[in-house]
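Undergrad: In the working numbering, the protein residues as written are 3 to 309. Input: one structure, supplied below.
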Amino acid sequence: MRPEKYHPLSKSGKIICLLLILSITAVKAADAPPTAASGEKAAAPAKLHFFSGLWSNLADTFWGSPANIAAWVSVPVTTSIIVNTNIDERVNTAISRNPAWGRSTDTFFLQTGNFAAAVPHSILFVYGYFWGSGETAAAGAAGLQALGVNGAIVFGLKWASGRPRPVYDATTGTTQRDKEFNFNIAEQSIDSGRWRWPSGHTSSMFAMAAAFHGFYPDKTWIPFVLYPLSGLMGFAMINGNYHWTSDVLAGATIGTVVGFTIGRNFRRMYAGTQKSVTKIDGKPVLDWYVTPRQSEQGMALALTALF
């Protein structure tokens with residue numbers, strides 16, 4: 003039989019281990035969710051809101067991936083090509099000569115476009131945050147944040163570019179002012195009428211669609227339904243001579259990049275709140291416990307977590 007080795011600190015070490023076990027057990031008991039007998043429900047993870055991850059999402063929108071960087075570079079490049087090759091003037095003139103629908107329909111798109119994009123996400127967020135699931139709240143918050151970020155970017159670009167709206171001259175059969183930009187910010191004002199590049203209506207609709215797409219990548223119907231609806235809004239802006247073609251394309255690109263990036267990041271944030279947890283009564287909680295271990299070298303503590 004092997005003689006037991008004596009360590010001068012083994013006794014004090016055991017006392018410390020026992021004290022640690024008792025203190026950790028007390029903390030765990032204090033943090034444990036209430037039992038069914040108490041009449042209270044176990045605490046669920048905090049729900050995401052429209053400020054969640056704002057700064058990191060904003061950074062990812064601009065340079066979070068090579069695709070995003072390429073998309074931002076393409077916005078001014080594409081606009082420059084379309085303007086300088088007279089595509090703007092040709093497309094807008096062709097549509098103005100043979101509009102797809104009447105003025106009342108153009109007005110409908112113009113008046114509803116400013117808030118239509120926010121309605122689905124607002125409903126999801128309010129319902130999910132107060133009554134529904136955390137996933138529903140996160141989906142709504144993703145869209146609202148995307149619309150806010152998109153709106154700020156588009157407003158800044160509109161102010162900086164100072165581009166006027168298309169003006170179709172029926173006598174000459176041409177659409178004028180396609181190459182006018184005024185980059186003098188000091189001369190810009192709310193009532194200047196130079197707020198056309200990029201299209202805010204188009205970018206908002208694409209931000210809404212892309213946020214849904216980014217948050218629900220497994221729902222294959224979303225891109226096939228929401229992107230065409232967003233494109234319809236963009237076409238209405240051209241049909242009504244509210245925007246140039248390049249305004250619409252720039253708005254669609256910006257809205258898609260902002261919406262998809264933020265929607266995808268909200269999906270990841272939501273998944274992070276559900277990871278490494280178990281469920282008690284349908285509520286996700288992290289369960290863990292500490293057990294002592296005895297060996298020839300002395301005592302130790304083992305921390306076990308249920309994933």
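Cβ atoms here follow ideal geometry from the backbone N, Cα and C, with glycine treated the same way. Bear in mind that the values here come from a model prediction, so they are computed numbers and not experimental data.
Would DSSP call Gln190 helix, strand or coil?
TA: Reduced to three states, the DSSP call for Gln190 is coil.
Undergrad: Kindly indicate which three-state DSSP category Glu182 falls into: helix, strand or coil?
TA: Coil at Glu182, not helix or strand.
Undergrad: In three-state terms, what does DSSP make of Thr176?
TA: In the structure shown, Thr176 sits in a strand (DSSP, three-state: E or B).
Undergrad: Mark Phe268 as exposed unless 16 or more other C-beta atoms lie within 10 angstroms of its C-beta, in which case mark it buried.
TA: Buried, since its Cβ has 16 or more Cβ neighbours within 10 Å.
Undergrad: In this structure, does DSSP put Asp90 in helix, strand or coil?
TA: Reduced to three states, the DSSP call for Asp90 is helix.
Undergrad: On a CA-only basis, which of Thr138, Val151, His245 is nearest Thr81? Give me that one, please.
TA: Here the closest residue by C-alpha is His245.
Undergrad: If you count every other CB in all the chains shown that lies within 10 Å of the CB of Pro5, and 16 or more means buried, which is it?
TA: Reliability fails at Pro5, whose pLDDT of 48 lies under 50, so the model's placement of it is uncertain and the value that follows must be treated cautiously. Exposed is the call here.
Undergrad: Let me know the alpha helix (DSSP H) ranges lying completely inside the segment 100-124, each 4 residues or longer, listed in chain order.
TA: 105-118, all fully within the segment 100-124.
Undergrad: Considering only residues of the same chain and omitting the five flanking positions on each side of Phe217, which have a CB-CB separation below 6 angstroms?
TA: Closer than 6 angstroms at Cβ, skipping near neighbours: Ala141, Ala144, Gly265, Phe268, Arg269.
Undergrad: Quick one, which of Gln178, Ala162, Ala118 has its alpha-carbon nearest Ser194's?
TA: Nearest of Gln178, Ala162, Ala118 to Ser194, Cα basis: Ala162.
Undergrad: Just the Cα atoms here: how many angstroms apart are Asn241 and Asn94?
TA: Rounded to whole angstroms, Asn241 to Asn94 spans 8 angstroms at the Cα level.
Undergrad: Which residues bound the alpha helix (DSSP H) around Tyr229?
TA: Here the alpha helix (DSSP H) through Tyr229 covers 223-241.
Undergrad: Ordered along the chain, which non-local residues of its own chain (more than five positions away) have a Cβ less than 6 angstroms from that of Thr107?
TA: Nothing listed; no residue qualifies.
Undergrad: Please report the Cβ distance between Gly175 and Arg99, rounded to the nearest whole angstrom; I am assuming they are in contact, meaning their Cβ atoms lie under 8 angstroms.
TA: With a Cβ gap of about 7 angstroms, Gly175 and Arg99 count as contacting.
Undergrad: Check the C-beta distance from Asn186 over to Gly164 and give it rounded, since I have them as a contact under 8 angstroms.
TA: The Cβ separation is near 7 angstroms, so the contact holds.
Undergrad: With H, G and I counted as helix, E and B as strand and the rest as coil, what does DSSP make of Lys43?
TA: At Lys43, the pLDDT of 46 sits below 50, so the modelled position is not reliable; the number obtained from the coordinates is stated separately. Reduced to three states, the DSSP call for Lys43 is coil.
Undergrad: Does the CB of Glu189 have a neighbour CB from chain C at under 8 angstroms?
TA: Note that chain C does not occur in the displayed structure, where there is just one protein chain.
Undergrad: For Glu182, count neighbouring C-beta atoms within 10 Å of its own C-beta (all shown protein chains included) and say buried if the count is 16 or more, exposed if not.
TA: Result: exposed.
Undergrad: Relative to the alpha-carbon of Ser206, which residue among Ile71, Asp171, Pro122 has its alpha-carbon at the smallest distance?
TA: If we check each option's Cα against that of Ser206, Pro122 comes out closest.
Undergrad: For Pro200, which option in Met239, Phe214, Tyr170 has the closest C-alpha, if you only look at C-alpha atoms?
TA: The shortest C-alpha separation from Pro200 is found at Met239.
Undergrad: Please identify the residue among Asp90, Trp74, Thr63 whose C-alpha is closest to the C-alpha of Val250.
TA: Selected option, being the one with the closest Cα: Asp90.
Undergrad: Return the CA-CA distance between Asn116 and Gly257, expressed in angstroms with no decimal places.
TA: About 14 angstroms.
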